[in-house]
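Be aware that the sequence shown starts at 3, since it is given in the working numbering, and climbs by one per residue.
Where a beta carbon is used, it is the ideal one built from N, C-alpha and C, also for glycine.
Everything on this sheet refers to the single structure shown next.
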Amino acid sequence: MPTNPTQQKLIDAGLIIDHHGLGDLTRGHVSIRVPGDSEHFYMKPHSFGFDEITPENMVICNLKGEKVGGTGRRHSEVFIHTEIYKSRPDVNSVIHAHPTYAVAFSATGKNLQPISQPSVAFSDGLPYFDQSIDLIRTPELGVGVARSLGKCKAVLMRNHGVTVVGSTVEEATILLIMLENACQIQLSAMAAGVGETFGAEQIQKLHHDITRAEQYTINFDYLVRKIKRLQKLR
3 MPTNPTQQKL IDAGLIIDHH GLGDLTRGHV SIRVPGDSEH FYMKPHSFGF DEITPENMVI
63 CNLKGEKVGG TGRRHSEVFI HTEIYKSRPD VNSVIHAHPT YAVAFSATGK NLQPISQPSV
123 AFSDGLPYFD QSIDLIRTPE LGVGVARSLG KCKAVLMRNH GVTVVGSTVE EATILLIMLE
183 NACQIQLSAM AAGVGETFGA EQIQKLHHDI TRAEQYTINF DYLVRKIKRL QKLR
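Right, here's the structure in full:
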């Protein structure tokens with residue numbers, strides 16, 4: 003089956019997420035809206051790892067959470083994606099994962115502080131979803147995740163994982179990596195005690211500089227090239 007550009011982006015995102023150790027066996031999922039069709043999205047299939055997405059096994063779902071295309075199984079947590087896409091027309095990609103440091107940080111209930119460059123990307127808000135630790139297998143729980151996310155880039159799902167969104171899959175993927183880095187840094191800093199932070203003006207400037215669309219594309223493309231180089235060495 004020929005791979006269209008959007009399908010290839012989904013495959014690349016999966017490889018990057020896996021390369022950074024942000025998968026959890028076959029759990030976790032990534033999706034991208036079908037270009038020009040806001041009612042449907044491509045999604046990683048159930049029972050496969052992030053590194054195993056192919057044009058043949060990826061699925062297409064509608065905003066009811068029904069699988070309408072593809073040969074793979076649909077994830078039971080599809081409602082994270084449907085409810086965010088319904089409430090956020092600006093979002094074209096959704097990632098749900100269980101990164102180690104982000105899950106550990108979510109268990110503290112603390113706010114992410116702007117004490118590192120990755121954390122500054124979320125200085126405009128990183129809310130919590132604490133309605134349940136369970137899998138998001140109903141539209142009602144999906145609505146809860148979407149409401150908790152609000153207009154932010156990501157939401158910490160307490161003791162469970164994270165959901166990260168973007169206007170592109172490049173944005174969502176790089177933000178997922180940055181969120182895990184930010185949580186790891188803050189957990190380390192908390193062990194020694196967090197000192198003074200920089201002022202709001204400097205934080206706002208850095209936030210602007212590191213969250214531009216170009217930054218996401220440059221770094222996503224770099225990681226795609228890096229993974230291809232590593233694959234050639236095998």
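List, from N- to C-terminal side, the beta strand (DSSP E) runs of 3 residues or more that fit wholly inside the region 16-50.
31-36, 39-45
When burial is assigned at 16 or more other CB atoms within 10 Å of the CB, is residue 105 buried or exposed?
buried
Check the C-beta distance from residue 103 over to residue 185 and give it rounded, since I have them as a contact under 8 Å.
The beta-carbon separation of residue 103 and residue 185, rounded to 4 Å, stays under the 8 Å limit for a contact.
What residue does the beta strand (DSSP E) around residue 64 start on, and which one ends it?
61-64
Examine the Cβ distances between the region 199-208 and the region 111-128 and report whether three or more of them are shorter than 8 Å.
yes
The beta strand (DSSP E) spanning residue 98 covers which residue range?
95-99
Helix, strand or coil for residue 124? Go by DSSP, reduced to three states.
Secondary structure of residue 124 (DSSP, three-state): coil.
Name, in chain order, the residues that DSSP records as bridge partners for residue 156.
166
By the 10 Å Cβ neighbour count, where 16 or more other Cβ atoms means buried, how is residue 156 classified, buried or exposed?
buried
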